[in-house]
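Protein chains: 2
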Amino acid sequence: MNINKNYDNLEQSYLFSTVAKKVNEFSLKFPDKKIIRLGIGDVTLPLCKSVVAAMHKAVDEMGVQATFRGYGPEQGYDFLREAVAKYYSKKNINLDLDEIFISDGAKSDLGNILDLFDVNNTVLVPDPVYPVYVDTNVMAGRKIIFINANSENKFLPLPDKDVKADIIYLCSPNNPTGAVYNKSQLKEWVDYAKNQNAVLLFDSAYECFISDDSLPRSIYEIEGAKDCAIEFCSLSKTAGFTGTRCGYTIVPKNLDKLNKMWLRRQTTKFNGVPYIVQRAAEAVFSDEGQIEIKENINYYMENAKIISDTLDKLNIWHVGGKHSPYIWLKCPNDMSSWEFFDFLLNEIQVVGTPGCGFGNNGEGYFRLTSFGSKENTLEAMNRLEKVNVKEHMV
Amino acid sequence: MNINKNYDNLEQSYLFSTVAKKVNEFSLKFPDKKIIRLGIGDVTLPLCKSVVAAMHKAVDEMGVQATFRGYGPEQGYDFLREAVAKYYSKKNINLDLDEIFISDGAKSDLGNILDLFDVNNTVLVPDPVYPVYVDTNVMAGRKIIFINANSENKFLPLPDKDVKADIIYLCSPNNPTGAVYNKSQLKEWVDYAKNQNAVLLFDSAYECFISDDSLPRSIYEIEGAKDCAIEFCSLSKTAGFTGTRCGYTIVPKNLDKLNKMWLRRQTTKFNGVPYIVQRAAEAVFSDEGQIEIKENINYYMENAKIISDTLDKLNIWHVGGKHSPYIWLKCPNDMSSWEFFDFLLNEIQVVGTPGCGFGNNGEGYFRLTSFGSKENTLEAMNRLEKVNVKEHMV
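Order-wise, the sequence lines are chains W and E.
With our numbering applied, the first sequence has no gaps in its numbers, which climb one by one up to 399 at the end.
With our numbering applied, the second sequence has no gaps in its numbers, which climb one by one up to 399 at the end.
Structure (structure tokens):
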């Protein structure tokens, strides 16, 4: 039996294990110091009330023969696909139900969608990047090329017409940088993808953090996108579903062959999302649910503003934090990512994520997130203001 | 962009759509006739009480900040993996926690495990077969060879040492035939796999229907299996989880490389099973849960006995039905699968599944299942006894 040798080419990431190790060592040395974690990439607020109520109801249904549900459609129940379609229609995007596929999350679908493509494709990925885009293609043995996101383009790289690519990844609002493309920038990407006969894999997992109506929350707000783009979205950050697991993927019928292949892939290799979770997701899209999740998003965005305002005050260059839970900052005094990590941990006991863990262009940058509590975020920023960054540099 | 051309080699299955079409046409023509469905491949009894209680509790936890759960470990929470390990220990099988991977079901894992293997492998599949084994390998472009299951070997084929195979599928109790391997038969398969340096993919989704302690419920009851076999199991049929979605896959540490690769695959392309569902699954393994699911299994097995006893009385050759919810019968009077389907529908309004839909060797065979109600199963078998099969043949 021959194993898939491409797995040998995967790079081991020691980012989060090294973070944990350094924090543990510090805690043991200084047990009385209160550490504030602003590196969290996970939601912390509980599920909202209408979601909890919908789940209790669904659990009861599952316990009674007359309302029990066995196998559902692999691509999701109509009640949830209709709710997603209605959500898109508010953005003036019309979707047929068979363009909508319910899944257990964007991460699964972003990985599994690659089943539809030949090994012989060139993959274009921005650097810095959500590591899943890279690793899933390394596993399949595809050629990967990188496009530079950096301070010059404000971490929003635009296509280079001379570069040939077949599969293009974009994420806006971006993880890890929090940078958000505007419509004309995304139009450049759509035109580029169409000219190249490429498929654009658009990760919109953070769309709900956009508060400016002029900024696109879906790739399908861009003319021509239905001819080239697949969109991945998730309720993980929108509604605190990181431990509840529900997302949705849009494969437009203009991409007829891919739409049919994805249906075949999912009906063959997937058995759908739990009924209970689909009822929970339906509740997110209800009028009440939308009000409730908005409160949570506002809470996180206030934290983001606290961080962003403090960085402005301290003249620390950064992107994100306005339409994103992530704030991506340039480490002051030309510190490396790990130097700044050590500085924050040792001097003010604030933990973030070194940018170098997200790609070469992340070196010298640092990611903070707004998923902590307001109290901790305020305290962390107070500590940062008080410490004199320049003086503390070795 | 180049698509995966292997998808063009997938055969369209019209099995269940043709069944539905024929049943619809009959209903329109004879609206007063009561049709009994014994073709159901899905459970019908609701979730048991301790599972429902566990889910309500977990939903409440998710609605409160102090007990809310975000991302969990992709391979499953320890509380559930410990419950699975304890369940195996009752069969005298010792598993380390990192040999156990919680998933959203056996179908997903049976498909996704193929990520770990090169295209250049020969796949050995019994015929008739659960179509997922075939389709997932066609999608990847692997060479598939079939081994004949038929009345001569009682649908329990044994390995042919002259046949070279790299990836071997076995399912016992079998879907669709209900046939169950004994220990010495499985030992032949394990020895064969080890000699060939092949991996054995063992689907034990129906293990809980085995009531004879001398029959193996796990491949790891066979000496040497930990050196060559990966086992896939599911709570779908065990505990009525077809719409709740939870399974588990065992990748032994003796298969060190595959164990590490599967962990990497799952952490990269999967985000774990919902916390609520994992708590539900934990309840299945509790003492109360085990008593409750046993009642449901007994209910289905009584139906299976009703069917099996009637077929015995009518001298209709069959396998399964003793340690399986499936009964696989030879169509009387040398009818083809579809002829017998039409006969049952037209004469006694009983719907089953034509065996030809599961492979070439299924032609002339027919699958009935025990997932209907006891009343309907009894009535269907009364109707079958009354109709004179021989006389009604054209």
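Heads up, the beta-carbon is just placed ideally off N, CA and C, and yes, glycines get one too.
It should be emphasised that the depicted structure is a prediction, and the values quoted were computed from it without experimental measurement.
- Cα atoms of V137(E) and D314(W): separation of roughly 54 Å, rounded to the nearest angstrom.
- Per DSSP, the continuous alpha helix (DSSP H) segment holding A385(E) begins and ends at 379-391.
- Checking the DSSP bridge columns, you'll see F207(E) partnered with L175(E), E236(E).
- For the stretch 213-279 of chain E, the full-length beta strand (DSSP E) segments reaching 3 residues or more read 234-239, 252-255 along the chain.
- DSSP lists H323(W), F371(W) as the bridge partner or partners of L334(W).
- V69(E) counts as exposed, since fewer than 16 other C-beta atoms from the protein chains shown sit within 10 angstroms of its C-beta.
- D132(E) has its alpha-carbon roughly 22 Å from the corresponding atom of C233(E).
- For the stretch 58-91 of chain W, the beta-carbon criterion of a distance under 7 Å to any beta-carbon of chain E is satisfied by M60, H61, V64, M67, G68, V69, Q70, F73, R74, G75, Y76, G77.
- Looking at the backbone, the Cα of G146(E) and that of I107(E) are separated by about 28 Å.
- The beta carbons of C336(W) and F363(W) sit no closer together than 9 Å.
- When only Cα atoms are considered, E157(W) and G325(W) end up about 15 Å apart.
- Between T249(E) and I105(E), the CB-CB gap reaches or exceeds 9 Å.
- In its chain, beyond the 5 residues on either side, A244, A285, A288, V289, G294 have a beta carbon closer than 7 Å to the beta carbon of V56(W).
- N338(W) counts as exposed, since fewer than 16 other C-beta atoms from the protein chains shown sit within 10 angstroms of its C-beta.
- Here the alpha carbon of P330(W) sits roughly 18 Å from the alpha carbon of G367(W).
- Membership of K310(E) in the alpha helix (DSSP H) is indicated by the continuous run 292-318.
- For G248(E), the closest Cβ of chain W is nearer than 9 Å.
- Using a Cβ-Cβ cut-off of 8 Å, G116(W) is close to T273, K274, F275 of chain E, given in chain order.
- The Cβ atoms of A230(E) and V278(E) lie no closer than 9 Å to each other.
- Within the stretch 95-116 of chain E, those residues whose Cβ lies closer than 7 Å to any Cβ of chain W are, in chain order, D109, G110, K112, S113, G116.
- Taking 9 Å as the threshold, the shortest C-beta distance from K199(E) to chain W does not fall below it.
- Neighbours of D123(W) in chain E, taken as residues whose beta carbon is under 8 Å from its own, are N7, I8, N9, K10 in chain order.
- Taking C-alpha positions only, V282(E) is separated from L43(E) by approximately 29 Å.
- A check of alpha carbon separations from S216(E) across M306(E), S94(E), D37(E), K391(E) identifies M306(E) as the nearest.
- DSSP places V168(W) outside both helix and strand once states are collapsed to three, so it counts as coil.
- For K192(W), the enclosing alpha helix (DSSP H) has its first and last residue at 188-201.
- In the DSSP assignment, F106(E) forms a beta bridge with T254(E).
- Residue pairing from DSSP places K148(W) in a beta bridge opposite T127(W).
- A direct Cα-to-Cα measurement between E87(E) and Y19(W) gives close to 27 Å.
- In this structure, I98(E) sits near Y225(E), with a CB-CB distance shorter than 9 Å.
- Taking 7 Å as the cut-off between beta carbons, the residues of the stretch 158-188 of chain W near chain E are D171, I172, in sequence order.
- Counting the other CB atoms within 10 Å of its CB gives D114(E) a total of 16 or more, which places it among the buried residues.
- The Cβ atoms of K242(E) and A203(E) lie no closer than 9 Å to each other.
- For P51(E), the chain W residues whose Cβ falls inside 9 Å of its Cβ are E66, M67, G68, V69, Q70, A71, T72, F73, in order along the chain.
- Counting only residues of its own chain and dropping the five nearest sequence neighbours on each side, I235(W) has a CB closer than 6 Å to the CB of L206, V256.
- Listed along chain E, no residue sits closer than 7 Å to V195(W) by beta-carbon distance, the nearest being about 14 Å off.
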